[in-house]
DNA sequence: ACATTAATACCAG
DNA sequence: CTGGTATTAATGT
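Numbering (the numbering used here), first residue to last: 1391 to 1625.
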């Protein structure tokens, strides 16, 4: 068993403002874990035996509707916690978590949650702030789904992804993990057909560039226009 | 070279 | 305009 370096955690949002001994203490209970692309980190309904910190990669959180329909709730980027069912008083996971790219994570057994939180008040406030952020995000998304048209929603989704995980290239901003039209449709409540049509439309206009599992954003401001409903109206 | 899976084209409601 | 099926294109083995 190799020793884990506390500098892995230093500077990450959940551990902001914590000193070296505290980080070492938290790391004692963690074991590293590596998940290949498309592997499940945990499944909806499963007993929440562990909680996780994503060190590298991306995982998508997918909610399964009773009829088998899938909805992508959010993407988790590196440095974020996931599977913290215990923090909201649950003992089963509320959704599936799937590696969107090859991932490396740290896993803690869930029973350590209580002791870590009570031993480290800074960690507690950080994670509750994070939960609050996520709550606001999902509220915004509800409003979006209820009030905006499809083109606005997918424009928003693309912008969000580019913003959250964009990598600069000569072409523009590349979303640096594999993303299919199906994925985008599951984020925005449409079908892959509509997403495909919109994306190729924008590609002809020169606003984005897309190929299999890849989307690069070239003219972000144009998409912002679409997202705000100021463009693309047709009759 | 083949099988698998994503993206687009095509067609129907 | 949306949703389903077929065809084509890309990717992994």
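The beta carbon of each residue, even a glycine, is placed where N, CA and C say it ideally should be.
- Residue 1450 sits buried, since 16 or more C-beta atoms from the chains shown fall within 10 Å of its C-beta.
- The DSSP-derived three-state label of residue 1437 is strand.
- Residue nearest to residue 1555 within the set 1448, 1499, 1452, 1524 is 1448 (criterion: CA-CA distance).
- Residue burial is scored here from C-beta neighbours: residue 1571 has at least 16 other C-beta atoms within 10 angstroms and is therefore classed as buried.
- Counting only residues of its own chain and dropping the five nearest sequence neighbours on each side, residue 1575 has a CB closer than 6 Å to the CB of 1581, 1582, 1585.
- Contact annotation, residue 1495 with residue 1443: C-beta distance approximately 6 Å; criterion of less than 8 Å satisfied.
- Cβ atoms of residue 1542 and residue 1616 come within 8 Å of each other, at about 7 Å.
- In this model, residue 1418 and residue 1404 are separated by some 16 Å (Cα to Cα).
- The Cβ atoms of residue 1425 and residue 1486 do not sit closer than 9 Å to each other.
- In this structure, DSSP gives residue 1553 a helical state, which the three-state scheme calls helix.
- In this structure, the CA atom of residue 1608 is about 35 Å from the CA atom of residue 1516.
- Going by DSSP, residue 1486 is part of the beta strand (DSSP E) stretching over 1486-1489.
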